[in-house]
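Heads up: the structure comes next, in structure tokens.
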Amino acid sequence: MKDCFCGCGRRIPRFPLDLRGLNERGREMSDRLAWALDLNIASVPKDTEPTIHRAVEAGADRTEWMKEGFVLVAELRDAMHGVKDADSIPESPSERWQAEGQYLEFLAVSKSRLPPLSAWLKGHPEAGRELARDSSTPTRSRTPNP
Ligand SMILES: [Zn+2]
Numbered sequence: 010m011k012d013c014f015c016g017c018g019r020r021i022p023r024f025p026l027d028l029r030g031l032n033e034r035g036r037e038m039s040d041r042l043a044w045a046l047d048l049n050i051a052s053v054p055k056d057t058e059p060t061i062h063r064a065v066e067a068g069a070d071r072t073e074w075m076k077e078g079f080v081l082v083a084e085l086r087d088a089m090h091g092v093k094d095a096d097s098i099p100e101s102p103s104e105r106w107q108a109e110g111q112y113l114e115f116l117a118v119s120k121s122r123l124p125p126l127s128a129w130l131k132g133h134p135e136a137g138r139e140l141a142r143d144s145s146t147p148t149r150s151r152t153p154n155p
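Sequential numbering of the sequence shown, starting at 10, is according to the numbering used here.
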């Protein structure tokens with residue numbers, strides 16, 4: 010894939026070498042996030058709501074997973090846009106996120122009879138791109154009101 014995963018039309022250069030890999034990862038993650046949103050795998054985290062005890066099932070805290078997904082997708086998109094240095098993006102959080110997402114997909118398909126990501130994508134080919142474009146980079150320093 011040579012175009013930015015957010016659908017902005019930017020060409021992703023061949024060099025540095027890891028840029029297209031990051032772009033591919035961003036696409037996979039935004040697709041998965043869009044799938045989870047559409048099927049109500051988890052609700053969209055809102056800063057004003059308490060997030061503890063919500064949507065925790067089978068060891069997976071889905072709200073946290075959603076929240077982290079938006080952060081990671083926004084980071085990858087910013088890297089594609091040159092806003093962020095691609096070297097500053099570590100690999101392990103998104104790998105762990107993907108692994109957890111695959112587990113959530115397994116649960117959704119086997120227990121709730123929901124369509125797997127691959128099948129869902131056929132009917133929603135643009136959903137991941139739209140999500141990636143709209144994802145805002147959250148301010149990490151924000152603290153909840155006491
Ligand atoms: Zn873009």
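Glycine residues also receive a C-beta, built at the ideal position from the N, C-alpha and C atoms.
As the structure is a computational prediction, the values presented were derived from the model and not from experiment.
message = Let me check understanding here. Comparing Cα to Cα, which of V80, D96, S101 lies closest to S145?
response = V80
query = Mind checking whether C15 and R105 have CB atoms under 8 Å apart?
reply = no
query = Is it the case that the CB of M89 approaches a heavy atom of ligand 1 more closely than 7 Å?
reply = yes
Member of N49, R23, S101 whose CA lies at the smallest distance from the CA of E114 = N49
query = Excluding the five sequence neighbours on either side, which residues of its own chain have a C-beta within less than 8 Å of the C-beta of R157, listed in chain order?
reply = Nothing about residue 157 can be reported from this structure: the residues present for the chain run from 10 to 155 only.
inquiry  = Am I right that L31 and A88 are in contact with their C-beta atoms under 8 Å? What's the rounded C-beta distance?
reply    = 6 Å
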